[in-house]
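Using the working numbering, the letters of the sequence shown correspond one by one to residues 84 to 333.
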Amino acid sequence: RFLILSLAIAATLLIGTAGFTLIDHYPPFDAFYMTLITMTTVGYSEIHPLSHAGRVFNSFLILFGVTTISSPWAPSTQTIIELEFGHVIGKRRTKRMIDKLKDHYIICGYGRSGQNLGRLLEAEDIPYLALDSDPERVREAADSTNVVYGDAGRREALVAAGLHKARAVAVTFADTAAALKILHHVRQERPDLPVIVRTLDDTELDRLLKAGAAVALSATAPSRGSSTRTPAATCLTAATSSRSMAFLSR
């Protein structure tokens, strides 16, 4: 794909340079420069006055050049637009769904571990809502009404996901900085709410527990829990069986 894009850009530059040289007798470098600023739409004026034929050629070059340059960003742009439209169109439906949630898990991150946890919770008939900031991942999970686009590191997103009536929060991605941020928000809004976190670095376990995590998981070390667990955290430990711990540790 990258090779095709590179060839298309090179071909456009070559055709544009040849066209300006032959039609309006531009010097080769001026013709190349004119082609480049036309493709990138930077807004510079014509280097030399163009004839009618030159402007007709330039019009087609603009259309072809802009399409070539923008094509790599089209899938991402389309995904973002669809998510935004989906947010607007489905806003009431999503709000009604979240309003109905109670005593649910908030899954932060819907990658492999988040999806595994989601499947486990569904099997045990436990409600959950997953937040993920990757547009493609949310789009792939479009069939699931339990996955929404949102940054779990933002307090507003957690509150909108029903933080004040949730049973627990599970941070499924192994990002200590992001986990600490989420822990900070949860501690401010719901100091009694248990939070499960995971890390790839065993040395971060104590740091995460001190920040308020009820359970800290590592791929290489046994799970560890806070010594000052609340009753809710105790319920969490019971709910997170060895199977769920294994899922999150992957």
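For every residue, glycine included, the Cβ atom is placed at its ideal position computed from N, Cα and C.
Subject >> T282, DSSP secondary structure in three states >> reply: Counted from its first residue, the sequence shown places residue 282 at position 199. Strand at T282.
Original post:
Would you say H247 and R273 are within 8 Å of each other, going by their C-beta atoms?
Top reply: Within the sequence shown, numbered from 1, the residue matching residue 247 stands at position 164. Within the sequence shown, numbered from 1, the residue matching residue 273 stands at position 190. Taking 8 Å as the Cβ cut-off, H247 and R273 qualify as a contacting pair.
**OP:** Could you check what DSSP says for S128 in three-state terms: helix, strand or coil?
**Re:** Locating residue 128 in the sequence shown gives position 45, counting from the first residue. S128 falls in the coil class under three-state DSSP.
Original post:
Can you tell which of D182, V298 and A253 has its C-alpha closest to the C-alpha of A213?
Top reply: Stepping through the sequence shown from its first residue, residue 213 is reached at position 130. Closest option to A213, Cα to Cα, is A253.
Original post:
Excluding the five sequence neighbours on either side, which residues of its own chain have a C-beta within less than 7 Å of the C-beta of K264, listed in chain order?
Top reply: In the sequence shown, residue 264 corresponds to position 181, counting from 1. G236, listed in sequence order.
Original post:
If we call anything under 8 Å between Cβ atoms a contact, is A114 one with T104?
Top reply: Here residue 114 corresponds to residue number 31 of the sequence shown, with the count starting at 1. Here residue 104 corresponds to residue number 21 of the sequence shown, with the count starting at 1. In this structure, T104 lies closer than 8 Å to A114 by Cβ.
Subject >> N- and C-terminal bounds of the alpha helix (DSSP H) containing L292 >> reply: The residue you call residue 292 lines up with position 209 of the sequence shown. Looking at the DSSP string, the run of the alpha helix (DSSP H) that includes L292 is L288 to K293.
**OP:** Buried or exposed for Q271, please, with buried defined as at least 16 other CB atoms from any protein chain shown within 10 angstroms of its CB.
**Re:** The count along the sequence shown starts at 1 and reaches residue 271 at position 188. That one is exposed.
Subject >> Residues bridged to I189 (per DSSP) >> reply: Working through the sequence shown from its first residue, we reach residue 189 at position 106. Answer by DSSP bridge pairing, in chain order: L212 and V252.
Subject >> Buried/exposed call for L292, threshold 16 Cβ in 10 Å >> reply: Here residue 292 refers to the residue found at position 209 of the sequence shown. Buried, because 16 or more other Cβ atoms sit within 10 Å of the Cβ of L292.
Original post:
Taking Cβ to Cβ, would you say A244 is nearer than 8 Å to Y188?
Top reply: Locating residue 244 in the sequence shown gives position 161, counting from the first residue. Locating residue 188 in the sequence shown gives position 105, counting from the first residue. Taking 8 Å as the Cβ cut-off, A244 and Y188 do not qualify as a contacting pair.
Original post:
By Cβ distance below 6 Å, which residues in the same chain neighbour I279 in space, the five residues on each side in sequence not counted?
Top reply: Start at 1 with the first residue of the sequence shown, and residue 279 comes out as number 196. A253 and V298, listed in sequence order.
**OP:** Taking all protein chains shown into account, decide if H131 is buried (16 or more other Cβ within 10 angstroms of its Cβ) or exposed.
**Re:** Translated into the one-based positions of the sequence shown, residue 131 becomes position 48. So H131 counts as exposed.
Subject >> Residues of its chain near G233, where Cβ-Cβ distance is below 8 Å and the 5 sequence neighbours each way are ignored >> reply: To locate residue 233, count along the sequence shown from 1; it is residue 150. If we look at G233 and ignore the five residues flanking it on each side, its Cβ neighbours are L214, D215, S216, A240, A243 and A244.
Original post:
When you compare each of T286, L204 and Y116 to T100 by their alpha carbons, which one comes out closest?
Top reply: Locating residue 100 in the sequence shown gives position 17, where the first residue counts as 1. Selected option, being the one with the closest Cα: Y116.
**OP:** Grab me the residues of T177's own chain with a C-beta within less than 7 Å of its C-beta, minus the 5 sequence neighbours each way, in chain order.
**Re:** Within the sequence shown, the letter at position 94 stands for residue 177. V231, listed in sequence order.
Original post:
Would G194 pass as a contact of T259 if the rule is Cβ separation under 8 Å?
Top reply: One-based indexing of the sequence shown puts residue 194 at position 111. One-based indexing of the sequence shown puts residue 259 at position 176. Cβ atoms of G194 and T259: not closer than 8 Å.
Original post:
So, is V139 buried or exposed, given that buried needs 16 or more other C-beta atoms within 10 angstroms?
Top reply: In the sequence shown, counting from the first residue as 1, residue 139 sits at position 56. When all chains shown are included, V139 counts as exposed.
**OP:** Would you decide whether D289 is buried or exposed? Buried here means 16 or more other CB atoms lie within 10 Å of its CB.
**Re:** Here residue 289 refers to the residue found at position 206 of the sequence shown. With fewer than 16 Cβ atoms within 10 Å of its Cβ, D289 is classed as exposed.
Subject >> Distance, I190 Cα to S196 Cα >> reply: For the purposes of this step, residue 196 is taken as residue 113 along the sequence shown, with counting starting at 1. For the purposes of this step, residue 190 is taken as residue 107 along the sequence shown, with counting starting at 1. Between S196 and I190, the C-alpha separation is close to 10 Å.
Original post:
What's the C-alpha gap between P277 and S301?
Top reply: Looking up residue 277 in the sequence shown gives position 194. Looking up residue 301 in the sequence shown gives position 218. If I take the Cα positions, the gap works out to 17 Å.
Original post:
Taking the alpha carbon of D182 as the point to measure from, which residue in N199, G201, L203 and Y211 has its own alpha carbon closest?
Top reply: Within the sequence shown, residue 182 is the residue found at index 99, counting from 1. Here the closest residue by C-alpha is Y211.
Original post:
Can you give the Cα-Cα distance for A136 and R238, rounded to whole angstroms?
Top reply: Working through the sequence shown from its first residue, we reach residue 136 at position 53. Working through the sequence shown from its first residue, we reach residue 238 at position 155. Cα to Cα, A136 sits roughly 58 Å from R238.
**OP:** For A262, name the three-state secondary structure that DSSP assigns.
**Re:** In the sequence shown, counting from the first residue as 1, residue 262 sits at position 179. A262 falls in the helix class under three-state DSSP.
Subject >> Residue from L204, V269, L97 and A262 whose Cα sits closest to the Cα of L283 >> reply: Reading the sequence shown from its first residue, position 200 is the one you call residue 283. Checking every option, the nearest Cα to that of L283 belongs to A262.
Subject >> DSSP three-state assignment for Y116, whether helix, strand or coil >> reply: On the sequence shown, residue 116 is found 33 positions in, with the first residue counted as 1. Looking at Y116 - three-state DSSP - the assignment turns out to be helix.
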